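Chemist: Here it is, the structure in full.
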Amino acid sequence: METVEAGPLLKEINVPADMRLLAPGQLGLLCEELRRYIIDTVSLYGGHFAAGLGVVELTVALHYVFHTPEDVLVWDVGHQAYAHKLLTGRRQLFATNRKWNGLSGFPKRSESPFDAFGTGHSSTSVSAALGMAIADKLKGNTERQHIAVIGDGALTAGLSFEALNHAGVSGTNITIVVNDNNMSIDPNVGGLTRLFAGHKGDAAKYFEALGLKYYGPVDGHDLPALLRAFEELKPLNFPKVLHVKTLKGKGYFPAEQNQTKWHATAAFDKLTGQLNQPKDPDKPQPPKYQDVFGKTILELARQNPLVMGITPAMPSGCSLKMMIDEMPERAIDVGIAEQHAVALSAGLATQGMKVFCNIYSTFMQRAYDMVIHDVAIQDLPVIFCLDRAGLVGEDGATHQGAYDIAYMRCIPNMIVSAPMDEATLRHLMYTAQLPSTRHPFVIRYPRGRGVLTDWHRPFEEIEIGKGRVIQEGTEVAVLSIGHPGNFVVEACQRLASEQIFPAHIDMRFVKPLDEVILTDISGRFQKIITVEDGCLEGGFGSAILEWLNDHKVHPEVVRLGIPDRVIEQGTPAEQQADCGFDAESIITAIRHLMKE
Ligand SMILES: Cc1ncc(C[n+]2csc(CCOP(=O)(O)OP(=O)(O)O)c2C)c(N)n1
Numbered sequence: 009m010e011t012v013e014a015g016p017l018l019k020e021i022n023v024p025a026d027m028r029l030l031a032p033g034q035l036g037l038l039c040e041e042l043r044r045y046i047i048d049t050v051s052l053y054g055g056h057f058a059a060g061l062g063v064v065e066l067t068v069a070l071h072y073v074f075h076t077p078e079d080v081l082v083w084d085v086g087h088q089a090y091a092h093k094l095l096t097g098r099r100q101l102f103a104t105n106r107k108w109n110g111l112s113g114f115p116k117r118s119e120s121p122f123d124a125f126g127t128g129h130s131s132t133s134v135s136a137a138l139g140m141a142i143a144d145k146l147k148g149n150t151e152r153q154h155i156a157v158i159g160d161g162a163l164t165a166g167l168s169f170e171a172l173n174h175a176g177v178s179g180t181n182i183t184i185v186v187n188d189n190n191m192s193i194d195p196n197v198g199g200l201t202r203l204f205a206g207h208k209g210d211a212a213k214y215f216e217a218l219g220l221k222y223y224g225p226v227d228g229h230d231l232p233a234l235l236r237a238f239e240e241l242k243p244l245n246f247p248k249v250l251h252v253k254t255l256k257g258k259g260y261f262p263a264e265q266n267q268t269k270w271h272a273t274a275a276f277d278k279l280t281g282q283l284n285q286p287k288d289p290d291k292p293q294p295p296k297y298q299d300v301f302g303k304t305i306l307e308l309a310r311q312n313p314l315v316m317g318i319t320p321a322m323p324s325g326c327s328l329k330m331m332i333d334e335m336p337e338r339a340i341d342v343g344i345a346e347q348h349a350v351a352l353s354a355g356l357a358t359q360g361m362k363v364f365c366n367i368y369s370t371f372m373q374r375a376y377d378m379v380i381h382d383v384a385i386q387d388l389p390v391i392f393c394l395d396r397a398g399l400v401g402e403d404g405a406t407h408q409g410a411y412d413i414a415y416m417r418c419i420p421n422m423i424v425s426a427p428m429d430e431a432t433l434r435h436l437m438y439t440a441q442l443p444s445t446r447h448p449f450v451i452r453y454p455r456g457r458g459v460l461t462d463w464h465r466p467f468e469e470i471e472i473g474k475g476r477v478i479q480e481g482t483e484v485a486v487l488s489i490g491h492p493g494n495f496v497v498e499a500c501q502r503l504a505s506e507q508i509f510p511a512h513i514d515m516r517f518v519k520p521l522d523e524v525i526l527t528d529i530s531g532r533f534q535k536i537i538t539v540e541d542g543c544l545e546g547g548f549g550s551a552i553l554e555w556l557n558d559h560k561v562h563p564e565v566v567r568l569g570i571p572d573r574v575i576e577q578g579t580p581a582e583q584q585a586d587c588g589f590d591a592e593s594i595i596t597a598i599r600h601l602m603k604e
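The numbering used here applies: residue 9 is where the sequence shown begins, and numbers increase by one.
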């Protein structure tokens, strides 16, 4: 189903070996065709964009000089690997990129032998390529090349520093290509950016002090220079770095001009650069949870001088940018540094600061020890806003915010909450920063729009551990946590015409649980359904089951949520239906229980 017309050179390339039959002088034209293909496809379907445009020449040069897939090529994050996918047998399927049952938006081992390592989270590439290089060294395989391509943004993470520290003394032939475009998603931050922008030779000293021979900088859009550099590096049997300078968004003017906006995009008009209009542009839309977070923290910060905001590299994504723009000293982007973000928040909290540490649920996985060791054991009242909690859609398996309820609720001192709508998000944020709240406090909410158009209400304190009854009912009680409560509302509305009226409770807190409500519900109902946008193993439903068991009541309980398997890319609605907790699945579960 190739929907975009490939240029004459690209059309003939199914694997990189086909490309190696071209003369070096033809590769410039191939790069143009690749750029056009990426622009055409992403303008139709959306996807990651600017980073991929910046590495077209780099991708062609790597596959031309090195003998992939025998030589291993590991892309860091993997959001920039579209040209790589197009050259490695996936052009005809590329219209399915990021779609249900389609191609993953990131490299994935099961998808292609050219994807040496699965990615999505940043800063793993040097470790992974080094592991491969050490294995080959032990096996006596001296021919194979091991290449990691890592951005200057991904280099800000501790994980990549750990790998560089090892690589320099590893005695392997690893080649680390540093793709320096001065951007993370937002402008890159910290001392490292100064090092790269500074004096010629500064970056060389940095790397050589660690034992990595430094080459470059090379202009990453100068194809002959790249080809020369890789030919020179190929025979060198020691750990080395090639510093490549590129322009994020290269070749599509709007993306070159606004690299953050074009990091990833929805479908757009490629001639004007305008996003496609929503179907019903005049209909009032609820805001995104992200924007409610951004506006609310700013309101709270204006009222309370102790409020601070921390984000590891997602200021635009989580909307902390609103506060960074107004109060740059009290809202900080620390780079891709989730571990540091959490330990830093703990340090700030020891001094009485009320820190909102906003980390995507999936990226919080990286800072788990800091959550336990630095925050929870010391019972510091850090507020963790976990954005993109639940099923995230097109980014797929690596980005699902599936596990946070389970991994947070097992930690002592932790309060774990999830708002069902934007007004509740505001009230929870308000409650979390009150002087009377003295424990670490998780607020998890999904990607995308809420449900209320009149979300901006005066702040209210919510009693910690208190749920709310949405609908009284008979026979079946549905207990929901967070945004999926709205799917229950829809299910109840549809069932009303059949005279089926289940009770519906929005628990608001996974920990502590509302024991008054649970005592009442378990006394009155023999049938309970739990609904969550999180993993079933150890999640919210498990918490309810534990409580019921501990209190020696045994109603029939059906748990709806994310099953124990990897959930791939698609729309959130497709993923929710597949997992079985969308409105339709809830209706089926209620009907089924009623019949029994
Ligand atoms: C651990 C982790 N934190 C945050 C992200 C979100 N993220 C994806 S790409 C990106 C920026 C990467 O910048 P860089 O490595 O310089 O690559 P570029 O996009 O500039 O090519 C970020 C922050 C992530 N993928 N993984």
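Glycine included, C-beta positions come from ideal geometry on N, C-alpha and C.
Since the structure is predicted, the reported quantities are computational estimates derived from the model, not experimental observations.
Do residue 138 and residue 184 have their beta-carbon atoms positioned less than 7 Å apart in this structure?
Modeler: As a working mapping, residue 184 is identified with position 176 in the sequence shown. As a working mapping, residue 138 is identified with position 130 in the sequence shown. For residue 184 and residue 138, no; Cβs fall outside 7 Å.
Chemist: May I ask you to verify whether the stretch 108 to 122 touches the stretch 573 to 584, counting CB pairs closer than 8 Å and requiring at least 3?
Modeler: A contact exists between the stretch 108 to 122 and the stretch 573 to 584.
Chemist: By DSSP's criteria, residue 248 is part of a beta bridge. Which residues make up the other side?
Modeler: Within the sequence shown, residue 248 is the residue found at index 240, counting from 1. According to DSSP, residue 248 bridges with 183, 221.
Chemist: Is DSSP giving residue 303 helix, strand or coil here?
Modeler: Within the sequence shown, the letter at position 295 stands for residue 303. Here residue 303 sits in helix by DSSP.
Chemist: Roughly how many angstroms separate the alpha carbons of residue 415 and residue 167, rounded to a whole number?
Modeler: Numbered from its first residue, the sequence shown carries residue 415 at position 407. Numbered from its first residue, the sequence shown carries residue 167 at position 159. Computed Cα separation, rounded: 21 Å.
Chemist: Taking C-alpha atoms, which residue in 560, 562, 521 lies nearest to residue 551?
Modeler: Taking the sequence shown and counting its residues from 1, the one referred to as residue 551 is at position 543. Comparing Cα positions, the closest option is 521.
Chemist: Going by the DSSP bridge assignment, what does residue 512 pair with across the sheet?
Modeler: Reading the sequence shown from its first residue, position 504 is the one you call residue 512. 479, 486, per the DSSP bridge assignment.
Chemist: Once you ignore the five residues that flank residue 562 on each side, which residues in its own chain have a CB closer than 8 Å to its CB?
Modeler: Here the question's residue 562 lines up with position 554 in the sequence shown. Excluding positions up to five away in sequence, the list reads 556.
Chemist: With DSSP collapsed to three states, give me the class of residue 145.
Modeler: Position 137 of the sequence shown, counted from the start, is the residue given in the question as residue 145. Note: residue 145 maps to helix in three-state DSSP.
Chemist: Sort out for me which residues DSSP pairs residue 368 with in a bridge.
Modeler: Within the sequence shown, the letter at position 360 stands for residue 368. Bridge partners of residue 368: 395.
Chemist: Taking the straight line between their C-alpha atoms, what separation do you get for residue 254 and residue 226?
Modeler: Taking the first residue of the sequence shown as position 1, residue 254 is located at position 246. Taking the first residue of the sequence shown as position 1, residue 226 is located at position 218. The alpha-carbon atoms of residue 254 and residue 226 are separated by roughly 9 Å.
Chemist: Using the three-state DSSP reduction, which class does residue 379 fall into: helix, strand or coil?
Modeler: By 1-based counting over the sequence shown, the position of residue 379 is 371. Note: residue 379 maps to helix in three-state DSSP.
Chemist: So, is residue 346 buried or exposed, given that buried needs 16 or more other C-beta atoms within 10 angstroms?
Modeler: As a working mapping, residue 346 is identified with position 338 in the sequence shown. Answer is buried; the Cβ neighbour count reaches 16.
Chemist: DSSP three-state call for residue 159: helix, strand or coil?
Modeler: Position 151 of the sequence shown, counting from 1, holds the residue named residue 159. Note: residue 159 maps to strand in three-state DSSP.
Chemist: Would you kindly work out how many angstroms separate the C-alpha atoms of residue 28 and residue 91, rounded to a whole number?
Modeler: Along the sequence shown, one-based indexing puts residue 28 at 20. Along the sequence shown, one-based indexing puts residue 91 at 83. Using only the alpha carbons, I get a separation of about 15 Å.
Chemist: Taking 6 Å as the limit between beta carbons, can you name the residues of its chain near residue 469, skipping five residues before and five after?
Modeler: The residue you call residue 469 lines up with position 461 of the sequence shown. Closer than 6 Å at the Cβ level, and outside the excluded window around residue 469, lie 439.
Chemist: Roughly how far, in whole angstroms, is the beta-carbon of residue 89 from the beta-carbon of residue 267, given that I think they are within contact range, below 8 Å?
Modeler: Residue 89 sits at position 81 when you count from the first residue of the sequence shown. Residue 267 sits at position 259 when you count from the first residue of the sequence shown. 18 Å between Cβ atoms; not a contact.
Chemist: At what residue ranges does the stretch 408 to 461 contain a whole run of the beta strand (DSSP E), taking only runs of 3 or more?
Modeler: DSSP runs (the beta strand (DSSP E)) wholly in the stretch 408 to 461: 423 to 425, 449 to 452.
Chemist: Can you tell me where the beta strand (DSSP E) with residue 535 in it begins and where it stops?
Modeler: Along the sequence shown, one-based indexing puts residue 535 at 527. Unbroken beta strand (DSSP E) run through residue 535: 535 to 543.
Chemist: Grab me the residues of residue 391's own chain with a C-beta within less than 6 Å of its C-beta, minus the 5 sequence neighbours each way, in chain order.
Modeler: Stepping through the sequence shown from its first residue, residue 391 is reached at position 383. Answer for residue 391: 364, 440, 449, listed in chain order.
Chemist: Pull up the distance between the alpha-carbon of residue 98 and that of residue 16, whole angstroms please.
Modeler: Taking the first residue of the sequence shown as position 1, residue 98 is located at position 90. Taking the first residue of the sequence shown as position 1, residue 16 is located at position 8. Distance between the alpha carbons of residue 98 and residue 16: 17 Å.
Chemist: Taking 8 Å as the threshold, find out whether the stretch 32 to 39 comes into contact with the stretch 63 to 76 through three or more Cβ pairs.
Modeler: They touch, by the three-pair rule.
Chemist: With a cut-off of 8 Å, do at least 3 Cβ pairs link the stretch 169 to 178 to the stretch 374 to 385?
Modeler: No: the two stretches stay apart, fewer than three of their Cβ pairs being nearer than 8 Å.
Chemist: I need the DSSP call for residue 506, collapsed to helix, strand or coil.
Modeler: Your numbering for residue 506 matches position 498 in the sequence shown. Reduced to three states, the DSSP call for residue 506 is coil.
Chemist: Identify, in the order they occur along the chain, each residue of the same chain with its Cβ nearer than 6 Å to the Cβ of residue 144, setting aside the five sequence neighbours on each side.
Modeler: For the purposes of this step, residue 144 is identified with residue 136 of the sequence shown, where counting begins at 1. Only 152 meet the Cβ criterion.
Chemist: Within 10 Å of its beta-carbon, does residue 261 have 16 or more other beta-carbons around it, so buried, or fewer, so exposed?
Modeler: The residue given as residue 261 occupies position 253 in the sequence shown. Exposed: under 16 other Cβ atoms inside 10 Å.
Chemist: Would you kindly report the start and end of the unbroken beta strand (DSSP E) that includes residue 519?
Modeler: For the purposes of this step, residue 519 is identified with residue 511 of the sequence shown, where counting begins at 1. Per DSSP, residue 519 belongs to the beta strand (DSSP E) from 517 to 519.
Chemist: Helix or strand or just coil, what does DSSP make of residue 283?
Modeler: For this step, residue 283 is matched to residue 275 along the sequence shown. Strand at residue 283.
Chemist: Using a Cβ-Cβ cut-off of 6 Å (strictly less than) and excluding sequence neighbours within five positions of residue 537, which residues of its own chain qualify?
Modeler: Position 529 of the sequence shown holds residue 537. Result list for residue 537: 486, 566, 597, in chain order.
Chemist: Mind the definition here: the stretch 455 to 471 touches the stretch 409 to 429 only if three or more C-beta pairs lie below 8 Å; say whether that holds.
Modeler: The stretch 455 to 471, when compared against the stretch 409 to 429, does touch it at the 8 Å Cβ threshold.
Chemist: What do you reckon, are the CB atoms on residue 207 and residue 224 nearer than 7 Å?
Modeler: Numbered from its first residue, the sequence shown carries residue 207 at position 199. Numbered from its first residue, the sequence shown carries residue 224 at position 216. No, they are not a contact pair.
Chemist: Could you give the first and the last residue of the continuous alpha helix (DSSP H) run that contains residue 470?
Modeler: Translated into positions along the sequence shown, residue 470 becomes position 462. Residue 470 -> no alpha helix (DSSP H), and no H or E assigned at all.
Chemist: Could you check if residue 210 belongs to the surroundings of ligand 1, using beta carbon to heavy atom distance under 6 Å?
Modeler: Locating residue 210 in the sequence shown gives position 202, where the first residue counts as 1. It does not: the Cβ of residue 210 is nowhere closer than 6 Å to a heavy atom of ligand 1.
Chemist: Across which residues does DSSP place residue 226 in a beta bridge pair?
Modeler: Position 218 of the sequence shown, counted from the first residue, corresponds to residue 226. In the DSSP output, where bridge partners are listed per residue, residue 226 has 252.
Chemist: Would you mind sorting residue 341 into buried or exposed? The rule is 16 or more other CB atoms within 10 Å of its CB.
Modeler: For the purposes of this step, residue 341 is taken as the residue at position 333 of the sequence shown. Counting Cβ neighbours within 10 Å, residue 341 comes out buried, since at least 16 surround it.
Chemist: Should residue 418 go down as buried or exposed, given a rule of 16 or more other Cβ atoms within 10 Å for buried?
Modeler: Looking up residue 418 in the sequence shown gives position 410. Flag for residue 418 reads exposed.
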